[in-house]
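Protein chains in written order, with our numbering: chain G, 1 to 238; chain C, 239 to 285; chain P, 286 to 525.
A virtual CB, placed ideally from N, CA and C, is assigned to each residue, including glycine.
As structure tokens, the structure follows; a few thoughts come after it.
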Amino acid sequence: MSAAAARLEARESPGSFGAAFAWALARDVKLALRHPGETLLVIAFFVLVASLFPLAVGADPQLLARIGPGVIWVCALLAAFLSLPALFATDHADGSLEQMALAPHPMSGWVTGKIAAHWLASGLPLTVLAPLLGLQYGLEPEALPALVAALALGTPVLSLLGAACTALTLGARGGGMLLALLALPLFVPVLVFGAGAADAGAMGLSAAPHLSLLAAMLIVAALGVPAAVCAALRIALD
Amino acid sequence: MSGPGFYIWMSYGMAALAVLADVVAIAVRGARARAAIEEERDLEAQD
Amino acid sequence: MNWFYLASPATFYRFAGWLAPWFFGLAAILAAAGLYVGFGVAPTDAQQGEVYRIIFVHVAASWMSMFLYFVMACYGAVALTFNTRLAAMMARAIAPTGAMFTFVALWTGSFWGRPTWGTYWVWDARITSELVLLFLYFGFIALANAFEDPRRGDRAAALLALIGVVNLPIIYFSVQWWNTLHQGSSVKLTGTSMHVAMLWGMLLMAIAFWMYSIGAALTRVRAIILERERRTHWVRGLAP
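Following this line, the structure appears as structure tokens:
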């Protein structure tokens, strides 16, 4: 078969969600690995801001242990938020976003792939690093599993919701501040339940109710938000 | 701060102020829109 | 009547201009009635004394803040589905009034909370969610105005409103999900634990605010129509 005929056949066959997802995930992970600076910056910001709180409120171990779960959550949230603009910006700038939108594959496929890659480069490192910060704040080791579980469930939701807001503000005036105004209110339920889970763990109570709610949020977000992101991208690309 | 009067006045007073601000904002927006139309009409008349 | 006739900004401009004063009038009458019932008829509360009378404006404003957001999201849905200009303009017209009522709800709640529970502010679920709702309104207004092309702003803000509408059930059910300082919901669909005059006062004020909101939205949308359609013949032909 000639190359042109092969390309024609490829274009006529409908793409699949899985293929698009895998392609976008592999591409963005590869790009992230080529520029590890971004992931390292996310981690650096996380640790840096988490270090500011003890300097501000004093090094009283009981106070730090009390505020630790919440502070770590806020720092993770902010760090994840700061990496959001890069999700679509470079692709939008060089036109690849439009090319991807024209592909025969379902848009939600590669969008979900990009969001998954974003989480791997931001949320996952934060989740892995959180126990270390927990120990810095004097949390008991028994409290750490709840913290990690909460972040593991919550940060993907942040990536999903953040992606929707990033798509909405693509090319808008107001930049990062507008994105913050849009995204941070949407993050609040995740923060409330996530920090609640971490607090419950720190107090020795069961974090299961909070974690179940976080898991439910994740499922709903994973099923529903990519469609919203696609709609927002279509509005942006028109 | 004595008695319930202070709190009731602060609440209802601010509510009244807020509604008034809303009304004024609408009126100002309408006036600005009309002024912009007038300006464009004048500019076109000059052509 | 062909309702789609009203979807034209030109037609709706005149229709809204005719309709709005009636709603403002209704609002004034109902507010007067509500305040009379609230201050003249409803008795002094056994526990809270006179200060509880703030609920007549506080509860009405909170209900409006949430209801208006929902209506705004509905107009957003219509705007996205049918790609009409007017539905998006209505959503934009509602937003500032919704934000205003959210602010009033927060402020009056604060001044009710201080004498009743000892604090101007507490970070419980319902109050915090109401604050978040205020930011959702600001976000809508900011996003709608963040683009050169107003149609892009229309669509982006409409989508944002739909995403944010998930916040409303969380506010409503938050009282049941957490143990909080905030007064448990005392107006239930099955019955109420309040004196009937108190209930009437709240309902009258709520409907008064609702009538006002309709009047305000109709008047504001007229201004928006003038802004957007100022290059059209019919606008140029309007008497100054």
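Indicate the three-state DSSP secondary structure (helix, strand or coil) for P:D330 in the structure shown.
By one-based count along the third sequence, residue 330 of chain P stands at place 45. Strand, per DSSP.
DSSP state of P:E433, grouped into three classes?
As a working note, residue 433 of chain P is residue 148 in the third sequence. Correct three-state label for P:E433: coil.
Between which two residues does the alpha helix (DSSP H) harbouring P:W485 extend?
Translated into the one-based positions of the third sequence, residue 485 of chain P becomes position 200. Element bounds for P:W485: V481 to R513.
List, in order along the chain, the chain P residues whose C-beta lies closer than 7 Å to that of G:R173?
Numbered from its first residue, the first sequence carries residue 173 of chain G at position 173. Near G:R173 (Cβ distances below 7 Å), the residues of chain P are A431.
Once DSSP output is grouped into helix, strand and coil, what is the label at G:A198?
The residue given as residue 198 of chain G occupies position 198 in the first sequence. Reduced to three states, the DSSP call for G:A198 is helix.
What residue range does the alpha helix (DSSP H) around G:F45 cover?
Here residue 45 of chain G is taken as the residue at index 45 of the first sequence, counted from 1. It spans P36 to V57 - the alpha helix (DSSP H) in which G:F45 sits, taken as one unbroken run.
Is the distance from the Cβ of G:L151 to the Cβ of G:A236 below 9 Å?
Looking up residue 151 of chain G in the first sequence gives position 151. Looking up residue 236 of chain G in the first sequence gives position 236. No, the Cβ-Cβ distance between G:L151 and G:A236 is not below 9 Å.
Quick one: is G:A231 near chain P, going by C-beta distance under 9 Å?
Your numbering for residue 231 of chain G matches position 231 in the first sequence. Using a Cβ-Cβ cut-off of 9 Å, G:A231 counts as an interface residue toward chain P, since at least one Cβ of chain P sits closer than that to its own.
Check whether the Cβ of P:M357 sits closer than 8 Å to any heavy atom of the ligand MN, and report yes or no.
Absence of the ligand MN from the depicted structure is noted, as is the absence of any ligand whatsoever, leaving it without description.
Compile a chain-ordered list of the residues in the stretch 249 to 264 of chain C whose CB is closer than 8 Å to at least one CB of chain P.
S249, Y250, M252, A253, A256, V257, A259, D260, V261, A263 and I264
Starting from G:A232 and walking both ways along the alpha helix (DSSP H), at which residues does that stretch end?
As a first step, residue 232 of chain G must be located in the first sequence, where it is residue number 232. A208 to L237 is the span of the alpha helix (DSSP H), which, as asked, contains G:A232.
Which runs of the alpha helix (DSSP H), 4 residues or longer, sit entirely within the stretch 102 to 159 of chain G?
With a minimum length of 4 residues, the continuous alpha helix (DSSP H) runs that stay inside the stretch 102 to 159 of chain G are 107 to 121 and 123 to 136.
Hey, how far is the Cα of G:F45 from the Cα of G:A86?
Within the first sequence, residue 45 of chain G is the residue found at index 45, counting from 1. Within the first sequence, residue 86 of chain G is the residue found at index 86, counting from 1. Cα-Cα distance, rounded: 16 Å.
Could you tell me which of P:W519, P:P381, P:V389 and P:E415 sits nearest to C:I264, measuring between CA atoms?
Position 26 of the second sequence, counted from the start, is the residue given in the question as residue 264 of chain C. Checked all of P:W519, P:P381, P:V389 and P:E415; the closest Cα to C:I264 is P:P381.
Hey, how far is the Cα of P:A312 from the Cα of G:L40?
The residue given as residue 312 of chain P occupies position 27 in the third sequence. The residue given as residue 40 of chain G occupies position 40 in the first sequence. Each residue's alpha carbon lies about 58 Å from the other.
Have a look at P:L291 and P:R440 and give me their C-alpha separation to the nearest angstrom.
Here residue 291 of chain P refers to the residue found at position 6 when the third sequence is read from its first residue. Here residue 440 of chain P refers to the residue found at position 155 when the third sequence is read from its first residue. The alpha-carbon atoms of P:L291 and P:R440 are separated by roughly 20 Å.
By the 10 Å Cβ neighbour count, where 16 or more other Cβ atoms means buried, how is P:M347 classified, buried or exposed?
The count along the third sequence starts at 1 and reaches residue 347 of chain P at position 62. The identity of residue 347 of chain P in the sequence shown is Ser, whereas the question assumes Met. Classification for P:S347: buried.
Going by C-alpha distance, which of G:G18, G:I115 and G:A103 is nearest G:V29?
For the purposes of this step, residue 29 of chain G is taken as residue 29 along the first sequence, with counting starting at 1. Comparing Cα-Cα distances from G:V29 to each of G:G18, G:I115 and G:A103, the minimum goes to G:I115.
Does the count of Cβ pairs from the stretch 402 to 415 of chain P and the stretch 315 to 335 of chain P closer than 8 Å reach three?
No: the two stretches stay apart, fewer than three of their Cβ pairs being nearer than 8 Å.
How would you list, in chain order, the residues of chain P whose beta-carbon sits under 9 Å from the beta-carbon of C:A286?
The first residue shown for chain C is 239 and the last is 285, placing residue 286 of chain C beyond what the model contains.
What does a CB cutoff of less than 7 Å around P:G476 pick up in its chain, not counting 5 residues either side in sequence?
Along the third sequence, read from residue 1 onward, the residue named residue 476 of chain P stands at position 191. Low per-residue confidence applies at P:G476: pLDDT is 46, beneath 50, and the placement is therefore not dependable, though the value from the model is reported in the following sentence. Contacts found: none.
What residues in the stretch 374 to 391 of chain P have a beta carbon less than 7 Å from any beta carbon of chain G?
none
Could you tell me the alpha carbon to alpha carbon distance between G:L218 and P:L523, rounded to whole angstroms?
Here residue 218 of chain G refers to the residue found at position 218 of the first sequence. Here residue 523 of chain P refers to the residue found at position 238 of the third sequence. Cα-Cα distance, rounded: 53 Å.
Suppose you measure from the CA of P:M496 to the CA of P:F309; what does that come to, to the nearest Å?
Here residue 496 of chain P corresponds to residue number 211 of the third sequence, with the count starting at 1. Here residue 309 of chain P corresponds to residue number 24 of the third sequence, with the count starting at 1. Using only the alpha carbons, I get a separation of about 7 Å.
Less than 9 Å separating the beta-carbons of G:L124 and G:T166?
Within the first sequence, residue 124 of chain G is the residue found at index 124, counting from 1. Within the first sequence, residue 166 of chain G is the residue found at index 166, counting from 1. Not in contact: G:L124 and G:T166 (Cβ atoms no closer than 9 Å).
Does the CB of G:V192 have a neighbour CB from chain P at under 9 Å?
Stepping through the first sequence from its first residue, residue 192 of chain G is reached at position 192. So yes, G:V192 belongs to the interface.
Within 10 angstroms of the Cβ of P:A384, are there 16 or more other Cβ atoms? Answer buried if so, exposed if not.
Taking the third sequence and counting its residues from 1, the one referred to as residue 384 of chain P is at position 99. By the neighbour-count rule (16 or more Cβ atoms within 10 Å), P:A384 is buried.
Using a Cβ-Cβ cut-off of less than 7 Å, give me the residues of the stretch 415 to 442 of chain P that come near chain G, in sequence order.
V417, F420, L421, F423, G424, A427, L428, A431, F432, R437, R440 and A441
Assuming contact is defined by CB atoms lying nearer than 9 Å, are C:A274 and P:R515 in contact in what I supplied?
As a working note, residue 274 of chain C is residue 36 in the second sequence. As a working note, residue 515 of chain P is residue 230 in the third sequence. In contact: C:A274 and P:R515 (Cβ atoms closer than 9 Å).
Along the alpha helix (DSSP H) that carries C:S249, what are the first and last residues, could you check?
Within the second sequence, the letter at position 11 stands for residue 249 of chain C. G241 to Q284 is the extent of the alpha helix (DSSP H) around C:S249.
Starting from P:V344, trace the alpha helix (DSSP H) in both directions and tell me its first and last residue.
Position 59 of the third sequence, counted from the first residue, corresponds to residue 344 of chain P. I340 to F367 is the extent of the alpha helix (DSSP H) around P:V344.
Of all Cβ atoms in chain G, is any one closer than 9 Å to the Cβ of P:L353?
Within the third sequence, the letter at position 68 stands for residue 353 of chain P. Output row for P:L353: interface = no.
Less than 8 Å between C-beta atoms, sequence neighbours within five positions excluded: which residues of the same chain meet that for P:V342?
What you label residue 342 of chain P is simply residue 57 of the third sequence in a count that begins at 1. These residues qualify, in order along the chain: V389, T393 and M490.
Rounding to the nearest angstrom, what Cα-Cα distance links G:L63 and G:V220 in this structure?
If you number the first sequence from 1, residue 63 of chain G lands on position 63. If you number the first sequence from 1, residue 220 of chain G lands on position 220. Rounded to the nearest angstrom, the gap between the Cα atoms of G:L63 and G:V220 is 35 Å.
Can you list, in chain order, the residues of its chain with a C-beta nearer than 8 Å to that of G:A79? Leave out the 5 residues immediately preceding and following it.
The count along the first sequence starts at 1 and reaches residue 79 of chain G at position 79. Within the same chain, G:A79 has close Cβ partners V42, I43, F45, F46, V49, S122 and L126.
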